[in-house]
Ligand SMILES: [Zn+2]
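Residue numbers (our numbering): 626 to 938.
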């Protein structure tokens, strides 16, 4: 197994729906704030330092500003154009960028709705990229190749996890070549069904990807040359006060063909207050200090998050 990057994911299998709804309901707030007060600002630190210290009034002082990333999966020339366009229109109205997970060579008929119209599709994506959006690679053919849930184990199906490094690299590289022919230079990879293993990470690094979007944690991590960006929401969060104070990076995964009216209203509500915090993954490439700084506070918050959601699983 020489050369295989060791994944650092603290969580076991969790129920992502329970996770998202709990965060939406603000339930981790009490746990995380209590943990923070006790360990970082409170008695524990005072005892260790041997002298009384006043409690900090702002428990989030010194934290980075929270960031939100909107990631759209299953983008291809045969996507549901009407739903895709209505979602684009909403994002453009509020000047919100997104990262589009493009399937280079879609063979998944369950997400193929229209006749192939590659030229129009590519022009549309190029326009969005010029407007600050990001084009990412979402697998290769979106085919179910194994029943391996990978590191996150959210779905017992994968295009990559469980296959050899060379097979995974061949598919990732073939997909990247197609996107390159379209005129894009993807640096972010999104595995179908959230399923990837350590060999996927190595193959991605070998194919010069810089970011992998997925992981049930709060703060981005470095896995050798790859940045792992967490992804813990499937809808726009309704309550953002505590999320903003945690200073984490939150990715919201959307599937345009599955969106309902309620989802669009939720997005609109979110954009009205949180638009300035929305970024695209590649903007993290020049945030090295933020990515590598793992202070005590972040570690404890991450542990609190992990413990809480293990119980939710
Ligand atoms: Zn997908």
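Glycine included, each C-beta is placed from N, C-alpha and C at the ideal position.
Quantities reported herein were computed from a predicted structural model and do not represent experimental measurements.
Less than 7 Å between the beta carbons of residue i and residue j, yes or no?
i, j, result
"residue 851", "residue 873", "no"
"residue 814", "residue 834", "yes"
"residue 705", "residue 882", "yes"
"residue 699", "residue 736", "yes"
"residue 739", "residue 710", "no"
"residue 800", "residue 761", "no"
"residue 836", "residue 695", "no"
"residue 783", "residue 820", "yes"
Here's a check: name, in chain order, each residue in its chain whose Cβ is nearer than 7 Å to the Cβ of residue i, leaving out the five neighbours to either side.
i, result
"residue 888", "860"
"residue 884", "708 and 712"
"residue 825", "785, 786, 793 and 816"
Can you name, in chain order, every residue of its own chain whose Cβ lies under 6 Å from the Cβ of residue i, other than the five neighbours on each side?
i, result
"residue 896", "719 and 721"
"residue 798", "832"
"residue 807", "747"
"residue 912", "none"
"residue 754", "760"
Use the C-beta contact count for residue i: other C-beta atoms within 10 angstroms, 16 or more gives buried, fewer gives exposed.
i, result
"residue 840", "buried"
"residue 901", "exposed"
"residue 686", "In this prediction, residue 686 scores a pLDDT of 44, lower than 50, which makes its location untrustworthy; no coordinate-derived value is stated."
"residue 767", "buried"
"residue 770", "buried"
"residue 692", "buried"
"residue 921", "exposed"
"residue 866", "exposed"
"residue 764", "buried"
"residue 717", "exposed"
"residue 828", "buried"
"residue 788", "buried"
"residue 772", "exposed"
"residue 723", "buried"
"residue 701", "buried"
For residue i, which residues from the same chain have a beta carbon less than 8 Å from its beta carbon, with the 5 sequence-adjacent residues on both sides left out?
i, result
"residue 893", "715 and 719"
"residue 868", "648, 691, 862 and 875"
Does the contact criterion of 3 or more C-beta pairs under 8 Å hold for the region 737 to 755 versus the region 771 to 790?
no
At 4 residues or longer, what runs of the alpha helix (DSSP H) sit wholly inside the region 687 to 729?
706 to 718
Would you say the region 727 to 740 touches the region 905 to 913, given that touching needs at least three Cβ pairs under 8 Å?
no
Length-filtered (3 minimum) beta strand (DSSP E) runs lying within the region 717 to 798:
724 to 727 and 759 to 763
Which runs of the alpha helix (DSSP H) spanning at least 4 residues fall entirely within the region 801 to 864, listed in chain order?
823 to 831
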